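In our numbering, the protein residues as written are 286 to 535.
Structure below.
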């Protein structure tokens, strides 16, 4: 629609003799290429992705994008898209390019992808007001454990002794980042099974099995038959506590 709006403007200038025909086609061609780059190649995201200290990019609606930073500050961008229709086309194209099925039937998806050579965890969701997209920047190199606490040696010893560890905190408090740091102390030869309701955790250990599903009471018995050395349970909010109890009593 933004392209068609400019096209109508140039067409008016052409009909009034203000814009020569050659320049008319040049302007329209360039506008179309710019629009295509925005929708298909996400070129407008490139400078956003490399912002220093970036944590997450929120797409709230066609006129409102928010960047969140480690410093707990935020930056707002407005009118990136011309209309709700153009915004939705961008989200659909973003998912289809990555072979992700996202529609009214499967209205919530979560996956990892690279955007301009930077790894993100993507969450796409249909909501009552507007479809949303959340891009969570993934640190390829986990933060050192001492960046979370001074007594890191004590926590390291808990991992070596295979003690049960529960990480709790509010949204955005760094739970996943801390867990990524802890995973780095697990011996490379161990078989680690990760249970999640959606893709979230990143793990570079060579012998990793990931089970994704909504029913943890099913996933836990399955994981126990795979001879795990360790089981990592993703976020628990309500019924997932049953899976935690089953694991702790194993």
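Ideal Cβ positions, reconstructed from N, Cα and C, are used throughout, including at glycine. The model shown is predicted, which means the values in this text are computed figures rather than measured ones.
Report back the beta-carbon spacing between residue i and residue j to the nearest angstrom; my notes put them in contact at under 8 Å.
i: residue 466; j: residue 521; result: Not a contact, Cβ separation roughly 20 Å.
i: residue 475; j: residue 519; result: 19 Å between Cβ atoms; not a contact.
i: residue 501; j: residue 395; result: Wrong, their Cβ atoms sit about 16 Å apart, outside the cutoff.
i: residue 400; j: residue 330; result: 6 Å
Taking only three categories from DSSP, how would you classify residue i?
i: residue 286; result: With a pLDDT of only 47 at residue 286, under 50, the local geometry of the prediction cannot be trusted, and the value read off the model is given with reservation. It is coil, neither helix nor strand.
i: residue 346; result: strand
i: residue 362; result: strand
i: residue 324; result: helix
i: residue 562; result: With the chain running from 286 to 535 in the structure shown, residue 562 is simply not present.
i: residue 440; result: helix
i: residue 354; result: strand
i: residue 486; result: coil
i: residue 534; result: coil
i: residue 521; result: coil
Could you say which of the options lies nearest to residue i if we only look at CA atoms?
i: residue 470; options: 415, 502 and 440; result: 440
i: residue 393; options: 490, 411 and 339; result: 411
i: residue 462; options: 421, 415, 473 and 369; result: 421
i: residue 346; options: 362, 357 and 425; result: 362
i: residue 417; options: 329, 501 and 351; result: 351
i: residue 334; options: 326, 512, 403 and 468; result: 403
i: residue 495; options: 451, 509, 477 and 512; result: 477
i: residue 374; options: 389, 324 and 490; result: 324
i: residue 353; options: 511, 458, 493 and 426; result: 458
i: residue 338; options: 451, 424 and 438; result: 424
DSSP beta-bridge partners for residue i?
i: residue 395; result: 408
i: residue 418; result: 344 and 409
i: residue 493; result: 477
i: residue 318; result: Residue 318 is not bridged to any residue.
i: residue 339; result: 354
i: residue 400; result: 403
How is the alpha helix (DSSP H) around residue i delimited, first residue to last?
i: residue 467; result: 460-468
i: residue 378; result: 369-382
i: residue 472; result: First-last for residue 472: undefined, no H or E at that position.
i: residue 501; result: 501-509
i: residue 332; result: 331-334
I'd like the span of the beta strand (DSSP E) that includes residue i, first residue to last.
i: residue 481; result: 477-481
i: residue 518; result: 515-518
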